[in-house]
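Residue numbers (the numbering used here), protein chains in the order written: chain A, 1 to 305; chain B, 1001 to 1335; chain C, 2001 to 2299.
Glycine residues also receive a C-beta, built at the ideal position from the N, C-alpha and C atoms.
First the structure, in the form of structure tokens, and then the observations on it.
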């Protein structure tokens, strides 16, 4: 078991390194960085000057190794735009995105697990169909549009919540709901399928034969097993959500890491972008490792080899 | 002394898209305290469903009806589920066929054992733990204390079945229903488990309803036997009567199919019962066994055959008189 | 099987309970509705020049933000109103369908080719090749797609071609994972072993034995990725780095309308509904196909 995790961690490290290489290459090869930095109205001489000043005329491998060498020590360079070290800038915005991501995950779980359970208990009933409809609609809804609709309804018409910006918990409600809507269909399907499969199993029959109360059978015995795949998927979903929060943060002007990424792209502030990509990738990788750990923790059959 | 379990006219119906399945038809039997009743029959004869019907553990779509279903003085028909749940696991317990999948893989043996007791009795956790250890030892599991912390997947099939038996005994039930408890186990372990069940039954003075398709098991441990075919009880009586004077052609056929040490001559053909079980959907006209019965006659197709009791609790469901039936049996044995 | 595949297989495996007959019916309805929606939108896209009342690019600054016909101030000249530059909304909507469909199909095909190739190769050859491809897939999954797509779009310039390229080169992961699983299953079957024993070349085995049987899951994933591609392209356009103006991309229309949405809500509602309907149609089609071709339905 331990050996397995060491191997996984090693692979994870390789993945992180590869991600950084790929993003570095994409950044430097998709277009002329010097041109973007200098701006559209710069002359050829200006662009050449920018190129030398930022060391963009060196071979790409050299540039990467230079960056990587410093990144290992935590030095992600300096923001072109803000003239400050990159890492603290990102670190400052990180809590916002984390709050958003975790809130969205919690909302998704609170909605989909009960719905999935009820749908599994009464297949083809009206509530099962309702869950299915929510599922189908949720996957078709463009997230940014949904966010705007919520904004119009709760921010303007009802005036319950602030329309946009960063601040106290009220500023996270609509963004979190918008972000959660994407995960709800998958979570609900998994819970429903998992519960249906588990409820048909022999140990549930044993539990009922022992005279255990329905709630005990449902939650202690059934859900405990049905939830195992869901937990792992939820962890991975959180990883995706953190990476994809950029759109929601842009819609709601929530100043998190995603918003910073968007700003940096429009400002050609590439050290920041490179660092954000790497950090988000690392979050995802850590979360997948965590998902595996959770799997092992929840299913004794995997644990003891 | 009144019977522990009394069933009259038990029916199970399951509505399907193609019609109504009627897998348990007019089943009547009784079990006295401390007695072992074996229900025998081939696959699909309705014996498992009968046991599930008694416990009210049928699938949701199934409908159960009975003119009389009384256990230990409690009328089970129309009993609300929460009261039934109080009875289950406490006074009436069940052991299932597949020990490999009958235990929850996410919890320890100890947890699942103690849970069975804690649900029905207000005792301390320690008391439940002690009882679990006591019963594990009783079912022949060594190092019982350590076993409590183990998970089901760490035990073999035979051990798991012993755990299931211990779990059924946690609350000291008056009746144990065992649905083919040894079918999924090795032959050598089968014998051990059966011996164990018999010993426990004597010690705790429990009644046992054992469901099986193996006549060998029946011969070994039954006090009384009920033979089922196509959802009905076709013969019921004390084990000695059933084996020495079987009255229903199906029972006679079954007995011919197994070799009997001392009686079956080497090289002799074993019997078989040609044909197939009739469909259990909808009504069955006349006797359900008629198209496989070597002694069928025209009335068998039209008459609804009732269970007729002969001497001393021996009953059978056939139009032939006891004498004619016995004569048939002797004739077939001589062949 | 990695954890990520749970989500994908949960999407691919049939979920409806109930009798086989009921499932076929349900599959039929879902399939028909989805196909119907797609056919309608396809027709709209193809017949755009005939259906659109005005030129989608023609600006008329004197008639800015005219409301749709059902609000006061609206008229049948511009049934869905006009945008902030006076362009007819209905026409832009109709022409916008071309962009969404084109983007969706192209991304689906590009990512499908890449993903299926990787998945089938990984599943068929196994061993080290499988490990390498798994590594590639994991790397791709670790990258934040939108961020990377935005970056590339910003650097390479936002154009229809670049949007399709960058998303097509990023969205192949689900294809790869699912075709790999399917290939593994099929490879274990006897008739593949028979083909190998007879001495068929690898390419021939892949083409004639494996691909036809993987086709079922490919089609289902194709609908998922087409929908995904359309939504992501719309998100890119919304953020200003997707399909460039003045092309009438639905996502861009929503972005343009954002500042006016509180007073002229139709500016964002209408293109949003269009996007939603198209994606819904694609999803329903995929669900319908999945339910109809579930193994239990095959005799």
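DSSP three-state assignment for residue i, whether helix, strand or coil
{"i": "residue 1075 of chain B", "result": "strand"}
{"i": "residue 250 of chain A", "result": "helix"}
{"i": "residue 282 of chain A", "result": "helix"}
{"i": "residue 1212 of chain B", "result": "strand"}
{"i": "residue 1236 of chain B", "result": "strand"}
{"i": "residue 1089 of chain B", "result": "coil"}
{"i": "residue 2084 of chain C", "result": "coil"}
{"i": "residue 1323 of chain B", "result": "helix"}
{"i": "residue 1037 of chain B", "result": "strand"}
{"i": "residue 195 of chain A", "result": "helix"}
{"i": "residue 1315 of chain B", "result": "strand"}
{"i": "residue 1009 of chain B", "result": "strand"}
{"i": "residue 78 of chain A", "result": "strand"}
{"i": "residue 1025 of chain B", "result": "strand"}
{"i": "residue 70 of chain A", "result": "helix"}
{"i": "residue 1031 of chain B", "result": "strand"}
{"i": "residue 1015 of chain B", "result": "strand"}
{"i": "residue 1972 of chain C", "result": "With chain C covering 2001 to 2299 only, the question about residue 1972 of chain C has no answer from this structure."}
Contacts around residue i, its chain only, beta-carbon distance under 7 Å, and the 5 residues preceding and following it disregarded
{"i": "residue 2015 of chain C", "result": "A caution first: residue 2015 of chain C carries a pLDDT of 45, below 50, which makes its placement in the model too unreliable to give a value."}
Beta-carbon spacing of residue i, residue j below 8 Å
{"i": "residue 2264 of chain C", "j": "residue 2251 of chain C", "result": "no"}
{"i": "residue 232 of chain A", "j": "residue 291 of chain A", "result": "yes"}
{"i": "residue 201 of chain A", "j": "residue 1101 of chain B", "result": "yes"}
{"i": "residue 1005 of chain B", "j": "residue 1024 of chain B", "result": "no"}
{"i": "residue 2278 of chain C", "j": "residue 2100 of chain C", "result": "yes"}
{"i": "residue 2174 of chain C", "j": "residue 2221 of chain C", "result": "yes"}
{"i": "residue 94 of chain A", "j": "residue 247 of chain A", "result": "no"}
{"i": "residue 2095 of chain C", "j": "residue 2058 of chain C", "result": "no"}
{"i": "residue 191 of chain A", "j": "residue 107 of chain A", "result": "no"}
{"i": "residue 1302 of chain B", "j": "residue 1285 of chain B", "result": "yes"}
{"i": "residue 2073 of chain C", "j": "residue 2284 of chain C", "result": "no"}
{"i": "residue 207 of chain A", "j": "residue 221 of chain A", "result": "yes"}
Contacting residues, own chain, Cβ-Cβ under 6 Å from residue i (five flanking each side not counted)
{"i": "residue 1035 of chain B", "result": "1207, 1223"}
{"i": "residue 164 of chain A", "result": "252, 253"}
{"i": "residue 1098 of chain B", "result": "1184"}
{"i": "residue 2268 of chain C", "result": "2254, 2257, 2261"}
{"i": "residue 1242 of chain B", "result": "1225"}
{"i": "residue 308 of chain A", "result": "The shown model of chain A, from 1 to 305, leaves out residue 308 of chain A, and the question about it has no answer."}
{"i": "residue 56 of chain A", "result": "33, 34"}
{"i": "residue 1281 of chain B", "result": "1019, 1021"}
Proximal residues of chain C, C-beta to C-beta of residue i below 8 Å
{"i": "residue 139 of chain A", "result": "2227, 2279, 2283"}
{"i": "residue 18 of chain A", "result": "2135, 2139"}
Chain-ordered chain B contacts of residue i [CB-CB under 8 Å]
{"i": "residue 209 of chain A", "result": "1055, 1057, 1088, 1089, 1093, 1094, 1096"}
{"i": "residue 300 of chain A", "result": "1105, 1106, 1151, 1153"}
Contact set between residue i and chain A, taken where Cβ atoms lie within less than 8 Å
{"i": "residue 1119 of chain B", "result": "210, 211, 212, 213, 216"}
{"i": "residue 2157 of chain C", "result": "31"}
{"i": "residue 2065 of chain C", "result": "None at all; the shortest Cβ gap to chain A is about 16 Å."}
Proximal chain B residues relative to residue i, where beta-carbon distance stays under 9 Å
{"i": "residue 225 of chain A", "result": "1104, 1105, 1106"}
{"i": "residue 171 of chain A", "result": "Simply none; closest approach about 40 Å."}
{"i": "residue 266 of chain A", "result": "Those within 9 Å of residue 266 of chain A in chain B number zero; the least Cβ separation is about 50 Å."}
Contact list for residue i against chain C, beta-carbon separation under 9 Å
{"i": "residue 22 of chain A", "result": "2139, 2140, 2143, 2148"}
{"i": "residue 280 of chain A", "result": "2142, 2143, 2144, 2147"}
{"i": "residue 284 of chain A", "result": "2141, 2142, 2143, 2144"}
Where residue i meets chain A, residues with beta-carbon distance less than 9 Å
{"i": "residue 1302 of chain B", "result": "By Cβ distance, chain A contributes nothing, its closest Cβ being about 41 Å from residue 1302 of chain B, past 9 Å."}
{"i": "residue 1132 of chain B", "result": "Chain A residues near residue 1132 of chain B: none, gap ~13 Å exceeds 9 Å."}
{"i": "residue 2268 of chain C", "result": "145, 148, 149, 152"}
{"i": "residue 1116 of chain B", "result": "210, 211, 212"}
Residue i beta carbon near the ligand COA (any heavy atom closer than 7 Å)
{"i": "residue 1121 of chain B", "result": "Ligands displayed in this structure: none; no statement on the ligand COA is therefore possible."}
Proximal residues of chain B, C-beta to C-beta of residue i below 7 Å
{"i": "residue 201 of chain A", "result": "1101"}
Contacts of residue i in chain A (Cβ-Cβ under 7 Å)
{"i": "residue 2261 of chain C", "result": "148, 152"}
{"i": "residue 2217 of chain C", "result": "In chain order: nothing, as chain A lies at least about 17 Å away."}
Sequence-distant residues of its chain with Cβ nearer than 8 Å to residue i (five each side left out)
{"i": "residue 1095 of chain B", "result": "1161, 1164, 1165, 1168, 1176, 1177, 1178, 1179, 1181"}
If you scan the stretch 2169 to 2234 of chain C from start to end, which runs of the alpha helix (DSSP H) of 4 or more residues do you find wholly inside it?
2173 to 2187, 2190 to 2198, 2202 to 2205
For the stretch 1150 to 1236 of chain B, list the beta strand (DSSP E) runs that are entirely contained and at least 3 residues long, ordered along the chain.
1175 to 1179, 1207 to 1212, 1224 to 1229
Jot down the residue ranges of each uninterrupted beta strand (DSSP E) in the stretch 104 to 151 of chain A, minimum 3 residues, whole runs only, in chain order.
none
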